[in-house]
Structure formats: structure tokens, C-alpha cells
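Asks: What follows is a single structure, and I will ask about it in a moment.
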Amino acid sequence: MPAELSYILFLLLRMAVAAAFVVSASVITERSGPVIGALVATLPISAGPSYVFLAIDHDAAFIAQGALSSLPVNAATIFMGLTYVVLAQRHSVVVSCGCAFAVWIAIASVIRMFDWTLIAGLAVNFIAFGICIPLLAGYRHVKMPLVMRRWYDIPMRAALVATLVAVVVSTSGWVGPKISGIVALYPVVFSSMMVILHPRIGGPPTAAVLANSAWGLLGFGMAIAVVHSAVVQFGSAIGLSMGLATCIVWNLTLWWNGRRKRLAH
272 MPAELSYILF
282 LLLRMAVAAA
292 FVVSASVITE
302 RSGPVIGALV
312 ATLPISAGPS
322 YVFLAIDHDA
332 AFIAQGALSS
342 LPVNAATIFM
352 GLTYVVLAQR
362 HSVVVSCGCA
372 FAVWIAIASV
382 IRMFDWTLIA
392 GLAVNFIAFG
402 ICIPLLAGYR
412 HVKMPLVMRR
422 WYDIPMRAAL
432 VATLVAVVVS
442 TSGWVGPKIS
452 GIVALYPVVF
462 SSMMVILHPR
472 IGGPPTAAVL
482 ANSAWGLLGF
492 GMAIAVVHSA
502 VVQFGSAIGL
512 SMGLATCIVW
522 NLTLWWNGRR
532 KRLAH
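Here my numbering is used: the first residue of the sequence shown is 272, the next is one more, and so on.
Shown next as C-alpha cells:
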């Protein structure tokens, strides 16, 4: 098989695998309500496949540097979420999503200008979440209406994440780990939920999913820090597995704590 054809087929396979993960998680998110949906949405279901495929093509040092660039981008995502949540209470999907996307792009552009350390990345995350979590608290408790799925929902989500994977994998060799780490963390799941759910069920219920995601995103940031530290010590496979385990344990802890509080009342 020619090398070019082999590369294209392997890229298409990667895109299909990543799309399957995101579509499955999105369907679970819609059917489980804002709390469980937020915990599922903050698992690394779009960034995870991107990093796995980067690890296939690059060494552990590349993955560690990419994770270091991804860490402050997590702060951009929570500010994106806050922007959407506030605007979605009264404004259209175009205004709410447009402003949220602009905030993410602006913050990511600033992040790209600096060389980050682990301590600086963690500090930015804790400051960002310290600001955003209290501001999001008042928007969390909204009943999720029944979601009627349209024929184009799944193809749209699959196309979004497949495009992200294609861009990350195809350009990683010449843009380097910093840009790859930033692009890999673009919040595909949040974006698709905002664009698809807002016109269908309204801004406040859609915003409730993102508002409930704040604590989960904090754990995701810690998982990125784990990946950065672990891949150098143990290799990419173990390091990425440890990052995934961090996300799962963190979100299960959040779920158990929330359930315990509900039973107590």
C-alpha cells in the first residue's frame, strides 16, 4: 500500500474513533440531566483521543510539553463557559455562543505567547476556577427538558471532533507541542452542546449543564498536570492512563458527594 494512502486511511480511522467517543458521551449527557451530563462532558472524550494519537506519532517529551501548554487552556474553557452561561439567560444562541467562542480564542491567543511552567499553569487554573465556580453556582439548578434529537445532531458532532483530531494530528509535526496542546483542548463537547441544545430547550437549561461542569473541569486540569509529570517518568501510555484515571476518580467523587448530600436532605 502506498505510504500516502496508508497515512490517509490511518487518519480517517483516528477521526472515526474519536468521533464515536464524543457522540456516545454527548447522547449520555443529553439523557442524564445537567449534573450527570456535566460530569460526563468533562471527561477527556475529545482531548483524550487527540493526545492518544499524538502519542503514537511523537515521543513522551512532546506529550509532556503539549500537556504543559494545555494546562492554562483549561482556564480559558471555564471562562468560555461562564461567558455563555451568563449571556444564555437572556440572549440568543448566536450572541451567547459567539461571545463565548471569542473569549476562548482571545485567552488561548494570549496563552500561546508565553512559555508556561507547571506551577504557573496550576496557579492560573486555581485563580480562574476560584473566580468562576462561585459565579456559576446560581445557574446550576435548572430542570432539563426532554431533548428531541434531530437527524443532523450526530453527524454534526462527529464532524466537529473528527475535524479537531485531523487538525491536531496532521499539523503537530510542524506546529510543535505548544500549539498542538492548545488546539487539542478546544472544548468540542461544550461547543456542540451549546450550539445544538440552546435552540431546542432554551438558554438556561443548556447553561445549567455548563454551570455544573465547573468542578469537573477543575479535575480535568489536575489530570493534565498529572499527564505532564507522568509521561516523562513512566512513558506516554502510562502517563495518559494516569491522567484518565485522575478524571474518572475525580468525577466519581463529585458524583458520590452530590448523591450523599441529596440523600441527607
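Positions of the beta carbon are idealized from the N, C-alpha and C atoms, including for glycine.
What is the rounded straight-line gap between the Cα of F400 and the Cα of W486?
Replies: 8 Å
Asks: If you measure between the beta carbons of A496 and L389, is that distance less than 9 Å?
Replies: yes
Asks: Between C368, P448, T348, which lies nearest to W387 when the distance is taken from Cα to Cα?
Replies: P448
Asks: Applying the criterion that 16 or more other CB atoms from any shown protein chain within 10 Å of the CB defines a buried residue, is F385 buried or exposed?
Replies: exposed
Asks: Identify, in the order they occur along the chain, each residue of the same chain with its Cβ nearer than 7 Å to the Cβ of A274, setting aside the five sequence neighbours on each side.
Replies: Its pLDDT being 44, under 50, A274 is placed unreliably in this model, and the value from its coordinates should be taken loosely. Closer than 7 Å at Cβ, skipping near neighbours: no residue.
Asks: Roughly how many whole angstroms lie between the Cα atoms of Y322 and F397?
Replies: 23 Å
Asks: Which of helix, strand or coil does DSSP assign to W527?
Replies: helix
Asks: What is the DSSP secondary structure of Y457, reduced to helix, strand or coil?
Replies: coil
Asks: From the DSSP output, in three-state form, read off D330 for me.
Replies: coil
Asks: Which stretch, first to last residue, makes up the alpha helix (DSSP H) that contains A377?
Replies: From DSSP, the alpha helix (DSSP H) with A377 extends over 364–382.
Asks: Let me know if T524 comes out buried or exposed under the rule of 16 or more other beta-carbons within 10 Å of its beta-carbon.
Replies: exposed
Asks: Do the region 464–479 and the region 355–375 meet, that is, are 3 or more Cβ pairs less than 8 Å apart?
Replies: yes
Asks: Please give the ranges of any alpha helix (DSSP H) in the region 466–526, keeping only runs that are unbroken, at least 4 residues long and fully inside the region.
Replies: 474–483, 485–505
Asks: Between the alpha carbons of N345 and H469, how many angstroms are there, rounded?
Replies: Approximately 23 Å between the Cα atoms of the pair.
Asks: Candidates V366, A347, N483, L393: which alpha carbon is nearest K565's?
Replies: No answer is possible for residue 565: the residues shown for the chain start at 272 and end at 536.
Asks: For I404, report the span of its alpha helix (DSSP H) as first-last.
Replies: Looking at the DSSP string, the run of the alpha helix (DSSP H) that includes I404 is 389–407.
Asks: Whose CA, out of I453, S462, L310, lies closest to the CA of V365?
Replies: S462
Asks: Mapping DSSP to helix, strand and coil, what is L314?
Replies: coil
Asks: How big is the Cα-Cα spacing for V395 and I382?
Replies: 11 Å
Asks: Indicate the three-state DSSP secondary structure (helix, strand or coil) for F324 in the structure shown.
Replies: helix
Asks: What does the Cβ neighbour count give for T517, buried or exposed, with the cut at 16 atoms within 10 Å?
Replies: buried
Asks: Just mark M315 as buried or exposed, buried being the case when its beta carbon has 16 or more other beta carbons within 10 Å.
Replies: Note on residue identity: the sequence assigns Pro, not Met, to residue 315. P315 comes out buried.
Asks: Evaluate H412 with the Cβ neighbour count: other Cβ atoms within 10 Å of its Cβ, from every protein chain shown; 16 or more gives buried, anything less gives exposed.
Replies: exposed
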